[in-house]
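I have placed the structure first, in the form of structure tokens, so that the comments after it can refer back to it.
Protein chains: 2
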Amino acid sequence: MNDSQDLEARLRQIGARRYHNLHPFHRLLHTGRCTKGQVQAWALNRYYYQAMIPLKDASLIGRCEDQALRREWRKRLEDHDGNDDHPGGIERWLKLTDGLGLDRADVTSTRLLLPATRFAVQAYVHYVRERSLLEAVASCLTELFSPQIITERMRGMLAHYNYVTPEILSYFDKRPPQAARDATFALDWVKQHARTAEQQQAVVDTLIFKCDVLWSMMDALHYAYVTPGLIPPGAFVPRVSDG
Amino acid sequence: MNDSQDLEARLRQIGARRYHNLHPFHRLLHTGRCTKGQVQAWALNRYYYQAMIPLKDASLIGRCEDQALRREWRKRLEDHDGNDDHPGGIERWLKLTDGLGLDRADVTSTRLLLPATRFAVQAYVHYVRERSLLEAVASCLTELFSPQIITERMRGMLAHYNYVTPEILSYFDKRPPQAARDATFALDWVKQHARTAEQQQAVVDTLIFKCDVLWSMMDALHYAYVTPGLIPPGAFVPRVSDG
């Protein structure tokens, strides 16, 4: 195995052990064992992650002297922010929160977020701004594993929750091919640019960091809305009728 | 009531509702219901908060054009980092982690932290770096409430855990007068400089943010080490003999 194959194997191993598809909250969500209030809390918190993605991508472009990389990375801005003809990923995520009965102003103001969601997402944005370009690129590598979780999620949520329709899940329709394209590009780029052992270790550490971001968002949801179910002061409280 | 008295009343009300002395994990800790492993996890995670305090204070000094404020704020650096003759707060915190049987390299490397601890503390550091000077100063106002929790904690931990001695708690001996001095100064400064309704609201929002930082650190400890007791991948795992 050459060095860059070895790096890829190490990255895939991290995904197999630390990607948030393994988190118990996702198992509850995908197998129909969440109340509507818990599904709402997940969608409302995850909105903030979606909403901050273009900021972290623009920060990467804003410090990148390689035009080809800037041009490639710009696709991500369009995917999330949309254009005059097509809504982007953030807009499609709001179809989900609308469809779940959440008030749009509650969602977009982010005033009901779990603080841990905000801190985790901001840690991601700051990481992309402050670390090396190699680490900034590598931090998207969780997308290597996202097509699988998205497929699982769509199938599970459509099967188990009668208020979930294909229309409100339209975000997930579009994402797997985009994520696969982006992850392939980023993996190739990282394999090409991480030449020393230190650089390869930095890539590995970055993927661990990013898995920690996603995992800690799940921990916070699980703690606040499932077990022990202690909602921090000021965060979203489901209506009693939504459980 | 004048404006600045009104501001102080609003701040004290936030403390009464959102300060982390109200968190169930602290109740367990202070009433002797934590295992040694849980006490270790608390001390190890809280170390990171202590260790980052001088960085946030230096960041504040580093952007402050008011010499009197810089000079006042410099006391905090000395309190935490010490000088040739006296160890500072960080060193005294390590007496606690030593006394609890934790390996010093495990603690100072921060490699066993809960990711949520890291993200919350970094959110605090970034807040001080990026927000207005008024907000940066106001973010220490949780110290208004800390003498009380420290007294409660010392009394409770000494009474309930046979491995806790006054010597390993020496951090807490020194803190209440320092915190009271710092909080009084910061409160007066904020009352004097927050003149508009918007500025006063920014101070209130800052204290809420800071309470969220401390509260989310408690949530993460409680989730990982008490209920449901799911330790995130890579974080500190107590030895079986320590529970």
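As given, the protein sequences belong to chains X and S, one line each in that order. Per the working numbering, the first sequence starts with residue 5, numbered consecutively. Per the working numbering, the second sequence starts with residue 5, numbered consecutively. Even for Gly, the Cβ is constructed at its ideal location relative to N, Cα and C. On a predicted model such as this, the values are computed, not experimentally measured, just so you know.
- Message: Quick check on Arg115 of chain S - is its C-beta less than 7 Å from some C-beta in chain X?
- Response: Taking the first residue of the second sequence as 1, we reach residue 115 of chain S at position 111. So no, Arg115 of chain S is outside the interface.
- Item | Contact set for Leu234 of chain X: own chain, Cβ-Cβ below 8 Å, skip 5 residues either direction | As a first step, residue 234 of chain X must be located in the first sequence, where it is residue number 230. Cβ within range, chain order: Tyr227, Ala228.
- Three-state secondary structure assigned by DSSP to Ala163 of chain S: As a first step, residue 163 of chain S is located in the second sequence; it is residue number 159 there, counting from the start. Ala163 of chain S: helix per DSSP, three-state reduction.
- Message: Checking 7 Å against the spacing of the C-beta atoms, do Lys195 of chain S and Ser8 of chain S come in under that value?
- Response: Counting from 1 along the second sequence, the entry for residue 195 of chain S is found at position 191. Counting from 1 along the second sequence, the entry for residue 8 of chain S is found at position 4. Their beta carbons are under 7 Å apart, which means Lys195 of chain S touches Ser8 of chain S by this criterion.
- Would you mind telling me which residues of chain X sit closer than 8 Å to His130 of chain S, beta carbon to beta carbon, in chain order? By one-based count along the second sequence, residue 130 of chain S stands at place 126. Those are Gln126, His130, listed as they occur along chain X.
- How should Arg37 of chain S be labelled, buried or exposed, when 16 other C-beta atoms within 10 angstroms of its C-beta is the threshold for buried? Looking up residue 37 of chain S in the second sequence gives position 33. Classification for Arg37 of chain S: exposed.
- Quick one: residues in its chain with C-beta nearer than 6 Å to the C-beta of Ala142 of chain X, no 5 flanking neighbours on either side, listed in chain order? Taking the first sequence and counting its residues from 1, the one referred to as residue 142 of chain X is at position 138. Contacts found: Val194, Val207, Thr210.
- Query: Near Leu100 of chain X, which residues of its chain fall below 7 Å by C-beta distance, leaving aside the five closest residues on each side in sequence?
  - Reply: To locate residue 100 of chain X, count along the first sequence from 1; it is residue 96. Answer for Leu100 of chain X: Ala47, Ile172, Leu173, Tyr175, listed in chain order.
- If we ignore side chains and look at the alpha-carbon of each, how far apart do Thr146 of chain S and Pro181 of chain X end up? Against the second sequence, residue 146 of chain S aligns to sequence position 142. Against the first sequence, residue 181 of chain X aligns to sequence position 177. When rounded, the distance between both Cα atoms is 47 Å.
- Message: If you measure between the beta carbons of Gly93 of chain X and Asp83 of chain X, is that distance less than 7 Å?
- Response: Working through the first sequence from its first residue, we reach residue 93 of chain X at position 89. Working through the first sequence from its first residue, we reach residue 83 of chain X at position 79. Yes, the Cβ-Cβ distance between Gly93 of chain X and Asp83 of chain X is below 7 Å.
- Message: Within a Cβ cutoff of 6 Å, which residues of the same chain sit near Ile154 of chain X, ignoring the five residues on either side of it in sequence?
- Response: In the first sequence, counting from the first residue as 1, residue 154 of chain X sits at position 150. The answer, listed in chain order, is Phe176, Arg179, Pro180.
- Message: Quick check: the Cα distance between Met158 of chain S and Arg80 of chain S, rounded to an integer number of angstroms?
- Response: Translated into positions along the second sequence, residue 158 of chain S becomes position 154. Translated into positions along the second sequence, residue 80 of chain S becomes position 76. Distance between the alpha carbons of Met158 of chain S and Arg80 of chain S is about 22 Å.
- Pick from X:Arg50, X:Ala184, X:Leu218, X:His197: whose alpha carbon is nearest that of Leu138 of chain X? As a first step, residue 138 of chain X is located in the first sequence; it is residue number 134 there, counting from the start. Considering only alpha carbons, the answer is X:His197.
- Item | Members of the stretch 216-229 of chain S that neighbour chain X once the beta carbon cut-off is set at 8 Å | Asp216, Val217, Trp219, Ser220, Asp223, Ala224, His226, Tyr227, Ala228
- Hey, is Thr101 of chain S's beta-carbon within less than 7 Å of any beta-carbon in chain X? Position 97 of the second sequence, counted from the first residue, corresponds to residue 101 of chain S. Judged by the 7 Å Cβ criterion, Thr101 of chain S is not in contact with chain X.
- Below-7 Å beta-carbon distance, Arg22 of chain S vs any chain X residue: Residue 22 of chain S sits at position 18 when you count from the first residue of the second sequence. So yes, Arg22 of chain S belongs to the interface.
- If you check the beta carbons only, do Pro236 of chain S and Trp219 of chain X fall under 7 Å apart? Along the second sequence, one-based indexing puts residue 236 of chain S at 232. Along the first sequence, one-based indexing puts residue 219 of chain X at 215. Yes, the Cβ-Cβ distance between Pro236 of chain S and Trp219 of chain X is below 7 Å.
- Task: If I'm right that Ala120 of chain S touches Ala120 of chain X with Cβ under 8 Å, what's the distance once you round it to whole angstroms?
- Result: Counting from one through the second sequence, the residue named residue 120 of chain S turns up at place 116. Counting from one through the first sequence, the residue named residue 120 of chain X turns up at place 116. That pair is a contact at about 5 Å.
- Item | Closer than 7 Å to chain S by CB, Pro119 of chain X | Locating residue 119 of chain X in the first sequence gives position 115, where the first residue counts as 1. So yes, Pro119 of chain X belongs to the interface.
- How would you list, in chain order, the residues of chain X whose beta-carbon sits under 7 Å from the beta-carbon of Leu138 of chain S? Position 134 of the second sequence holds residue 138 of chain S. Within chain X, no residue comes near Leu138 of chain S; the closest Cβ sits about 20 Å away, beyond 7 Å.
- At 8 Å on the CB atoms, spell out the chain X contacts of Leu234 of chain S, in chain order. Here residue 234 of chain S is taken as the residue at index 230 of the second sequence, counted from 1. Chain X residues near Leu234 of chain S: Pro28, Asp223, His226.
- Message: Between the alpha carbons of Leu73 of chain S and Ser136 of chain S, how many angstroms are there, rounded?
- Response: Working through the second sequence from its first residue, we reach residue 73 of chain S at position 69. Working through the second sequence from its first residue, we reach residue 136 of chain S at position 132. So the two alpha carbons sit approximately 14 Å from each other.
- Task: Measure from the alpha carbon of Ser150 of chain S to the alpha carbon of each residue in S:Ala239, S:Thr188, S:Phe240, then state which is nearest.
- Result: Numbered from 1 along the second sequence, position 146 holds the residue referred to as residue 150 of chain S. Among S:Ala239, S:Thr188, S:Phe240, the Cα nearest to that of Ser150 of chain S belongs to S:Thr188.
- Option in X:Val217, X:Val129, X:Tyr167, X:Gln205 with minimal Cα separation from Asn25 of chain X: Counting from one through the first sequence, the residue named residue 25 of chain X turns up at place 21. Of the candidates X:Val217, X:Val129, X:Tyr167, X:Gln205, the one whose C-alpha sits nearest the C-alpha of Asn25 of chain X is X:Val217.
- Query: Residues of chain C with CB under 8 Å from Thr231 of chain X, in chain order?
  - Reply: Structure shown: chain C not included; protein chains present are X and S.
- CB contact flag (Gly238 of chain S, Lys40 of chain S, <7 Å): In the second sequence, residue 238 of chain S corresponds to position 234, counting from 1. In the second sequence, residue 40 of chain S corresponds to position 36, counting from 1. Cβ distance not < 7 Å, so Gly238 of chain S and Lys40 of chain S don't count as in contact.
- Query: Beta-carbon separation of Thr231 of chain X and Pro232 of chain S under 7 Å?
  - Reply: One-based indexing of the first sequence puts residue 231 of chain X at position 227. One-based indexing of the second sequence puts residue 232 of chain S at position 228. Result yes, Cβ atoms of Thr231 of chain X and Pro232 of chain S sit closer than 7 Å.
- Check whether the Cβ atoms of Gln126 of chain X and Ala127 of chain S lie closer than 7 Å to each other. Looking up residue 126 of chain X in the first sequence gives position 122. Looking up residue 127 of chain S in the second sequence gives position 123. Yes, Cβ-Cβ distance for Gln126 of chain X and Ala127 of chain S is below 7 Å.
- Compare the C-beta of Pro237 of chain S against all C-beta atoms of chain X and say whether one is closer than 7 Å. Within the second sequence, numbered from 1, the residue matching residue 237 of chain S stands at position 233. At least one chain X Cβ lies under 7 Å of Pro237 of chain S.
- Item | CA-to-CA distance, Arg122 of chain X to Glu134 of chain S, given in whole angstroms | On the second sequence, residue 134 of chain S is found 130 positions in, with the first residue counted as 1. On the first sequence, residue 122 of chain X is found 118 positions in, with the first residue counted as 1. Looking at the two C-alpha atoms, the distance is approximately 16 Å.
- Task: Tell whether a beta-carbon distance below 7 Å holds between Glu95 of chain S and Gly86 of chain S.
- Result: As a working mapping, residue 95 of chain S is identified with position 91 in the second sequence. As a working mapping, residue 86 of chain S is identified with position 82 in the second sequence. Yes, these two residues count as a Cβ contact at 7 Å.
- Are Trp97 of chain X and Gln152 of chain X touching if we call contact CB-CB under 7 Å? Here residue 97 of chain X corresponds to residue number 93 of the first sequence, with the count starting at 1. Here residue 152 of chain X corresponds to residue number 148 of the first sequence, with the count starting at 1. No, they are not a contact pair.
- Report the rounded CA-to-CA distance for Ile212 of chain X versus Ile18 of chain X, giving the unit in angstroms. Stepping through the first sequence from its first residue, residue 212 of chain X is reached at position 208. Stepping through the first sequence from its first residue, residue 18 of chain X is reached at position 14. Each residue's Cα considered, the two are about 7 Å apart.
- Are the Cβ atoms of Asn6 of chain X and Leu118 of chain X separated by less than 7 Å? Residue numbering aside, residue 6 of chain X sits at position 2 when the first sequence is read from its first letter. Residue numbering aside, residue 118 of chain X sits at position 114 when the first sequence is read from its first letter. No. Outside cutoff.
- Measure the Cβ-Cβ separation of Ala124 of chain X and Met221 of chain X and say whether it is below 7 Å. In the first sequence, residue 124 of chain X corresponds to position 120, counting from 1. In the first sequence, residue 221 of chain X corresponds to position 217, counting from 1. Against a cut-off of 7 Å, the Cβ pair of Met221 of chain X and Ala124 of chain X comes out as a contact.
- In chain S, what lies closer than 9 Å to Phe176 of chain X by C-beta? Here the question's residue 176 of chain X lines up with position 172 in the first sequence. Per Cβ cutoff of 9 Å: no residues; Phe176 of chain X is ~25 Å from chain S at best.
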